[in-house]
Structures are given as C-alpha cells and as structure tokens.
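Chemist: FYI, in my numbering the residues of the sequence shown are 204 to 363.
A virtual CB, placed ideally from N, CA and C, is assigned to each residue, including glycine.
Keep in mind it's a predicted model, so treat the numbers as computed, not measured.
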Amino acid sequence: MEYMDFGLDEFQRKAADLYEKFRELDQKQQDRLANDVITEAAQIFLAEQKRLLAASPNPAYHKFAEWLSVWTYKNKNGWRVQVGYTTEVINEHIEVLITEFGRPGAKGLKKGGKDTLGRKIGKVEPYSHIRASMFLKKEEVMAEVQRRWEEEILKVWNST
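(1) What first and last residue would you give for the alpha helix (DSSP H) that runs through V292?
(2) In or out: T290 buried (at least 16 other Cβ within 10 Å) or exposed?
(3) Provide the residue span of the alpha helix (DSSP H) that contains T319, from first to last.
(4) So for Y264, helix, strand or coil by DSSP?
(5) Looking at C-alpha atoms only, which residue of I301, K358, W282 and G305 is the closest neighbour of D234?
(6) Go ahead and label M207 buried or exposed: buried means 16 or more other beta carbons lie within 10 angstroms of its beta carbon, across all protein chains shown.
(7) Hey, how far is the Cα of K224 from the Cα of N361?
(8) Relative to the alpha-carbon of L256, which residue among W352, M337 and I333 has its alpha-carbon at the smallest distance?
(9) If we count the other Cβ atoms within 10 Å of its Cβ and call it buried at 16 or more, is I241 buried or exposed?
(10) Taking 6 Å as the limit between beta carbons, can you name the residues of its chain near A244, skipping five residues before and five after?
(11) Rounding to the nearest angstrom, what Cα-Cα distance links A263 and I293 in this structure?
(12) Nearest CA to the CA of S407: which residue from W274, T275 and N261?
(13) When burial is assigned at 16 or more other CB atoms within 10 Å of the CB, is A219 buried or exposed?
This is how it looks when you write it as structure tokens:
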C-alpha cells in the first residue's frame with residue numbers, strides 16, 4: 204500500500220501559526236489594517252457617486268462631486284465607512300440633501316416664489332446618488348473587501 208503525503212501536517216501547523224500571529228496583533232494594528240481596507244473599498248462608492256453626479260441632466264448637480272468625501276469610524280459592531288457629505292458640507296450647502304431626498308412642493312406666499320431666506324419654493328424631485336451608488340456597487344465593494352483581507356492574510360501566511 205502506498206502512502207501519499209499531502210502536507211496536511213505542515214498546513215495545519217502553518218494555519219495554527221497564522222492564527223496565533225493574528226491573535227497577537229495588537230488592537231492598534233488591527234484597527235489600522237481594518238481602516239485601510241474599508242477606506243480603499245469605499246473609493247468604489249465614491250467613484251460611483253461622482254459618476255452619477257456627472258451624468259445628471261441638471262448641470263447644477265455636477266459641482267456636488269467635489270464636496271463628497273470618505274470617512275471611517277469604529278463602533279461596537281466593528282468598523283464602518285461613510286461615503287457622502289460631511290456635516291460641515293451639509294450645513295453650508297443644504298441643497299445636497301434636497302438633491303438626494305427631494306423636497307415636497309409648497310405654494311409661494313408672495314410673487315417670485317422665494318421664501319424669507321431667498322430659497323426657491325417648489326417641488327424638487329429626488330436625484331439619489333448616495334443610495335443609488337450603494338445599490339449599484341454593493342457586491343463589487345464586498346468582493347474588494349474580501350480580496351484585500353485575503354491579500355493581507357497571505358502576507359502574514361507567507362511570513363511564517
């Protein structure tokens with residue numbers, strides 16, 4: 204009877220070593236790595252949002268692309284990424300939210316159709332670019348995150 208060695212003992216030893224290395228990584232390194240991976244993947248969402256804005260039939264929406272940004276934060280469930288407008292941008296340019304979610308119509312109280320702050324009164328149809336990018340690119344982003352994690356694991360695996 205012939206015996207074939209598939210190298211399973213070596214594989215199991217390497218897998219155990221890899222597990223120990225990841226376990227020994229301090230939290231700061233894990234956080235840095237997670238932050239880097241999800242920030243890179245979020246660039247896909249950002250590019251899609253900019254593409255949707257550039258393709259808008261309303262040329263006023265094209266300038267919104269320069270106000271988009273990516274930021275990450277950690278909560279009790281892990282790392283999260285946000286792609287869209289920061290609070291500062293929204294406070295300065297409320298039209299970005301009106302564009303995303305729309306605005307119901309209102310009748311002007313005076314001729315000219317402007318309110319007391321000089322804003323145009325009337326219905327604005329939503330032009331969703333933040334939510335649309337999430338729906339359009341979710342699978343691609345998830346695949347990118349998985350690919351990047353595998354890449355990082357292979358780096359550790361090959362260093363054992």
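Modeler: Concretely, from the data shown:
(1) Taking the first residue of the sequence shown as position 1, residue 292 is located at position 89. That run of the alpha helix (DSSP H) goes T290 to E295.
(2) Within the sequence shown, numbered from 1, the residue matching residue 290 stands at position 87. Result: exposed.
(3) Start at 1 with the first residue of the sequence shown, and residue 319 comes out as number 116. First-last for T319: undefined, no H or E at that position.
(4) Here the question's residue 264 lines up with position 61 in the sequence shown. Y264 carries a helical assignment under DSSP once its states are collapsed to helix, strand and coil.
(5) Position 31 of the sequence shown, counted from the start, is the residue given in the question as residue 234. Closest option to D234, Cα to Cα, is W282.
(6) For the purposes of this step, residue 207 is taken as the residue at position 4 of the sequence shown. In this predicted model, M207 has a pLDDT of only 42, less than 50, meaning its place in the structure is not dependable enough to derive any value.
(7) Position 21 of the sequence shown, counted from the first residue, corresponds to residue 224. Position 158 of the sequence shown, counted from the first residue, corresponds to residue 361. Each residue's Cα considered, the two are about 12 Å apart.
(8) Within the sequence shown, the letter at position 53 stands for residue 256. Ranking the options by Cα distance to L256, first place goes to I333.
(9) Stepping through the sequence shown from its first residue, residue 241 is reached at position 38. Buried, since its Cβ has 16 or more Cβ neighbours within 10 Å.
(10) Numbered from its first residue, the sequence shown carries residue 244 at position 41. These residues qualify, in order along the chain: V344, E347 and V348.
(11) Counted from its first residue, the sequence shown places residue 263 at position 60. Counted from its first residue, the sequence shown places residue 293 at position 90. Rounded to whole angstroms, A263 to I293 spans 16 Å at the Cα level.
(12) Absent from the model: residue 407. The displayed extent of the chain is 204 to 363, so no value can be given.
(13) Locating residue 219 in the sequence shown gives position 16, counting from the first residue. Exposed is the call here.
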